[in-house]
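Since the structure comes first, as structure tokens, the remarks are kept for the end.
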Amino acid sequence: MTGATPPRTRFTVLTLFPEIVRAYTAEGVIGRAVRRGLVAVEPLDLRPFGEGRYQALDDVPFGGGAGMVMKPEPLARAIEAAGPASWRVVLSASGRPFRQADAERFAELEHVVLLCGRYEGVDARVADRYMDDAVSIGDYVLSGGELAALVVLDATLRLVPGVLGNAESLREESYQAGGLEHPHFTRPATWRGDAVPEVLLSGHHGRVAAWRRQEARRRTAALRPDLLAGDPGPDTVPGSRPGRSEES
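Heads up: the sequence shown begins at 8 in the numbering used here, then just goes up one per residue.
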């Protein structure tokens with residue numbers, strides 16, 4: 008009898024709060040993908056790897072200073088228990104920025120291990136010995152790495168083939184083409200006096216596509232000019248701006 012096809016991508020999340028990971032990955036698009044066996048997310052509780060009667064995972068930093076540091080031996084045992092990995096990542100405010108390109112790369116890997124830091128972070132010897140990467144989701148500090156791990160999970164697993172039903176929608180999303188996505192509108196065509204851009208009602212697929220490229224660039228220039236990298240952008244499309252309805 009042939010066994011079930013293994014998940015295309017598997018994540019192991021090393022965390023003090025496994026229920027946070029379980030709760031999030033049981034719902035929505037990711038939850039459906041897990042239930043269908045397309046992907047796997049396995050939280051691994053760090054607490055049983057702690058030392059002593061109280062399963063300690065942290066200690067005071069050498070050299071003094073505020074806060075506590077996660078101890079190396081418990082983390083090493085947890086990482087080793089997770090087994091061989093394609094890539095190991097520690098979530099850290101000191102890491103490099105996590106980008107869409109990282110999500111695309113992680114989605115191609117068989118097994119990714121995410122280590123969620125807590126307190127002042129992990130002993131640097133663990134990162135040096137075991138981790139392949141350190142990533143941050145922004146220039147701010149969180150109480151722990153769990154929220155950052157969920158961001159990495161969501162951004163990555165939705166790219167695994169079969170997880171999203173509409174591949175065209177995925178191609179048009181923000182950052183897929185190196186910039187932000189165009190604005191979206193739905194019914195009614197006029198809402199509280201504000202009308203949808205005329206071009207979207209024209210039925211002309213070429214003009215609609217040109218408008219979307221134009222507005223994507225306009226939005227990127229306004230909100231994330233660093234993503235443009237000298238792109239001159241498309242020409243202006245007639246009827247491209249929202250406006251007040253004549254009925255208002």
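Even glycine gets a Cβ: it sits at the ideal position worked out from N, Cα and C.
Cβ-Cβ distance between residue i and residue j below 9 Å
i	j	result
V133	L82	yes
T16	L121	no
A216	E188	no
R194	V142	no
A40	V158	no
M77	G145	no
W218	L208	no
L230	I37	no
R125	D66	no
V96	M138	yes
Contacts around residue i, its chain only, beta-carbon distance under 6 Å, and the 5 residues preceding and following it disregarded
i	result
T163	A110, F113 and A114
E153	T22, F24, I27 and C123
S255	The predicted model places S255 with a pLDDT of 41, which falls under 50 and marks its position as unreliable, so this point remains unresolved.
M8	In this predicted model, M8 has a pLDDT of only 44, less than 50, meaning its place in the structure is not dependable; the value taken from the coordinates is given anyway. Nothing meets the Cβ criterion.
P232	none
A63	G57
R226	L187
Y31	L157
E49	T19
P68	V76
P91	none
Whole-angstrom C-beta distance between residue j and residue i, which should lie under 8 Å
i	j	result
V119	S101	At roughly 20 Å, the Cβ-Cβ gap does not stay under 8 Å, so V119 and S101 are not in contact.
L5	A155	This structure cannot speak to residue 5, because the chain is shown only from 8 to 255.
D130	P79	4 Å
F56	A85	5 Å
Distance cut-off 8 Å: residue i Cβ against heavy atoms of the ligand SAH
i	result
F24	This structure does not include the ligand SAH; it has no bound ligands of any sort.
Proximal residues to residue i (C-beta, below 7 Å), its chain only, five neighbours per side dropped
i	result
A89	T19, L21, L51 and V120
G185	L234
P14	G44, L45, V46 and A47
V148	A100
A228	L235
G35	none
Contact set for residue i: own chain, Cβ-Cβ below 8 Å, skip 5 residues either direction
i	result
S150	R125
R136	A83
A11	G44
Taking 8 Å as the threshold, find out whether the region 42–56 comes into contact with the region 66–75 through three or more Cβ pairs. no
In chain order, what are the residue ranges of uninterrupted alpha helix (DSSP H) at least 4 long that sit wholly in the region 42–112? 79–88
May I have a chain-ordered list of the beta strand (DSSP E) segments no shorter than 3 residues that lie completely inside the region 132–217? 140–143
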